[in-house]
Each structure stands twice: as C-alpha cells, then as structure tokens.
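Shown next, in structure tokens, is the structure this report addresses.
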Amino acid sequence: MSKAATLRLDRLLANLGYGSRREVQQLVDAGAVTLDGAIIEEPDQRIAVTRDLPERMQVDDEPLDPPPGLLLMLNKPLGVTCSHKEAGPLVYGLLPPRWRRRDPALSTVGRLDKETSGLLLMTDDGTLLHRIISPRSNVSKRYRVTLDRPLRGDEAAIFSSGTLMLDNEDKPLLPAELEVLSPTEALVTITEGRYHQVRRMFAAVGNHVVALHRDRMGGLTLPDDIAPGEYRIMGEAEIAQVLPPR
Ligand code: URA
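Mapping to this note's numbering: the sequence shown position 71 is 58, numbers consecutive.
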C-alpha cells in the first residue's frame, strides 16, 4: 500500500485557504487545531494527508475542509459563468469562500454556457480533469433540450451520421444520439465538447435551442436531491460512474 503524503500543518492549512502561514500559526497558538481530539501545539508538525482527515482534524471546532484530490458535482443554475475572472456571478461563488483560496485551485471540468444548467464537475486534480475531458476517455454528456420549433424528423439521422459540419469548422462532428421526448423536447448525447456544440447542432438543422440542461456525464446522472446552486463531494463510486477505472 502506498504511504500518504505528509505536509507541515501550516502548509496544509494555508493550502486549504485557512490563511497565510502566519495566520495559521495564530490559529495553532490559540489551540484551535486538533487532531484525534488532541490540540496540535506546533505548526511544523507533519500531517499524513489522508482522505479521513476531516473526520480526525478540527479547526475552530469544525471538521477540516476536504484535503486536495477533490471532485465535486454541482447543479449549475442558469446565469452563472464557468470562469475565474469574468464579470457577473461565477460558479466559484457557489462554493464556500475559503474553497476559492485553495491551492491547488478548483477548476470546472469543461464548461457549461452561462445559460445552460445542470451537471457540472469541479476538481483540483489536474490529472483527473484531463482524463475526464480527454477524447480518449469518450465520456458521454447528455443534455435535455427545449426547442423553439417542432423537430422535423430527420435530426436523429443527421446527428448520428458522423458527417454534420458546424459553421466555421473543418472536421465533422462525431456521431451523436437524439431521443425525442415531445415535438419540441429531446435528449441529446454527445461525446465531444466543442464550443456551444448542442446549440450549434440545432442551428445546423434550422432550429433554435431555448433551454439546455445537462443531466448526465458517462454513467452519472445528476441526483434529484442536489438543487440548483448546490453541490456535493463525490465518492469513489460516483467517480467510477463518470470514468470507469482503467
Ligand atoms: N452545448 C452547448 O451548446 N452549450 C453547453 O453549455 C453545453 C453543450
């Protein structure tokens, strides 16, 4: 079994956004940090960074924030942007303020448009992020689409053909699946992540998307108990639903 990495307590807490090394020192001096029920006296004490640390370590009587290696699923509401720096409400604003100071930082796994809602993953694990978005992993994404005009009937064949070209692109889209729910509603499953892909696919067949919601990535469906704007840390089983172990 591989041994857990160790970090000095002050480095660990500073990386989790609890403050500068100096501020963390003050927390330690105040006796605010405990491990397994005992107050930690020295900020340079080395800590084995294990998954169960939040159950064993407390800061100001609260469980420690999750250590690095975090994957979470968020139900993105309409009107928030998947960006660190654009104007207006950002998805990062839906997380606890301290989490925005973490190092390594949390990033979105791909993006949803400002006016798209639904399942959005976020992680601070760059390797995991790249595995999920890599074309080689072939992680499917399913969207519930509401359209301005009734479907014509030929869209499923066009989307699944592998020949559909979007404007200003030089490579056709990979085959995508369309399941009709009503004349103006459908589920679309794609494996790529091109810019505004679903909206542009419907524009290419003479329609217009009026509402777009992602409800599934790979084998993971957005759970009903995560309301818009809420998030949940994912466990191993949910991670494996998105990305089966190699
Ligand atoms: N396709 C789009 O057009 N927008 C999204 O946000 C995701 C897929």
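Beta carbons are placed, not taken as given, at the ideal position from N, Cα and C, and that holds for glycine.
| Any non-hydrogen atom of the ligand URA within 7 Å of residue 185 CB | yes
| said: On the CB-based measure, 16 or more other CB atoms within 10 Å of its CB, does residue 229 come out buried or exposed? | reply: buried
| query | Per DSSP, residue 175 forms a beta bridge with which residues? | reply | 130, 165
| message | List, from N- to C-terminal side, the alpha helix (DSSP H) runs of 4 residues or more that fit wholly inside the segment 92 to 116. | response | none
| Among 106, 187, 28, 143, the one whose alpha carbon lies nearest that of residue 225 | 106
| Any contact of the segment 169 to 187 with the segment 16 to 33, i.e. 3+ C-beta pairs under 8 Å? | no
| message | I want to know whether the segment 1 to 11 touches the segment 86 to 94 - three or more CB-CB distances under 8 Å. | response | yes
| Which of helix, strand or coil does DSSP assign to residue 49? | strand
| request: With residue 43 as the anchor, note down where its alpha helix (DSSP H) starts and where it stops. | output: Unbroken alpha helix (DSSP H) run through residue 43: 40 to 43.
| task | Using only the heavy atoms of the ligand URA, determine whether one of them is closer than 7 Å to the beta carbon of residue 157. | result | The beta carbon of residue 157 sits no closer than 7 Å to any heavy atom of the ligand URA.
| the ligand URA heavy atoms versus the CB of residue 39: any closer than 7 Å? | Result no, Cβ not under 7 Å from the ligand URA.
| Simplified DSSP assignment, three categories, for residue 62 | strand
| request: Go ahead and label residue 109 buried or exposed: buried means 16 or more other beta carbons lie within 10 angstroms of its beta carbon, across all protein chains shown. | output: buried
| said: For residue 143 and residue 168, which I take to be in contact (beta-carbon distance under 8 Å), what is that distance rounded to the nearest angstrom? | reply: Not really, about 12 Å apart at Cβ, beyond 8 Å.
| request: Below 8 Å CB to CB, which residues in the same chain sit around residue -2 once its five sequence neighbours on both sides are set aside? | output: 8, listed in sequence order.
| task | Go ahead and pull the three-state DSSP assignment for residue -12. | result | With a pLDDT of only 42 at residue -12, under 50, the local geometry of the prediction cannot be trusted, and the value read off the model is given with reservation. Note: residue -12 maps to coil in three-state DSSP.
| task | Decide if residue 155 is buried, meaning its Cβ has at least 16 other Cβ atoms within 10 Å, or exposed. | result | Classification of residue 155: exposed, given that the 10 Å Cβ count is below 16.
| task | Inspect the beta-carbon positions of residue -6 and residue 26 and report whether they are closer than 8 Å. | result | no
| What number of angstroms, rounded off, separates the C-alpha of residue 208 from the C-alpha of residue 130? | 11 Å
| When we look at the beta-carbon of residue 238 and count the other beta-carbons within 10 Å, is it buried (16 or more) or exposed? | Limits of the chain in this structure are -12 at one end and 233 at the other, which puts residue 238 out of reach.
| message | Check whether the segment 132 to 151 and the segment 194 to 203 are in contact - that is, three or more C-beta pairs closer than 8 Å. | response | These segments touch.
| said: If you reduce the DSSP assignment to three classes, tell me which class residue 237 lands in. | reply: Nothing about residue 237 can be read from this structure; the chain reaches only from -12 to 233.
| request: Keeping to the same chain, check which residues put their C-beta closer than 8 Å to that of residue 218; ignore five residues upstream and five downstream. | output: Taken in chain order, the residues that qualify are 59, 60, 61, 62, 81, 82, 109.
| query | Going by Cα to Cα distance, which pick from 189, 188, 231 is closest to residue 204? | reply | 231
| Identity of the residue in 199, 112, 177 nearest residue 66 by Cα | 199
| Between residue 53 and residue 38, what straight-line distance do the alpha-carbon atoms span, to the nearest angstrom? | 8 Å
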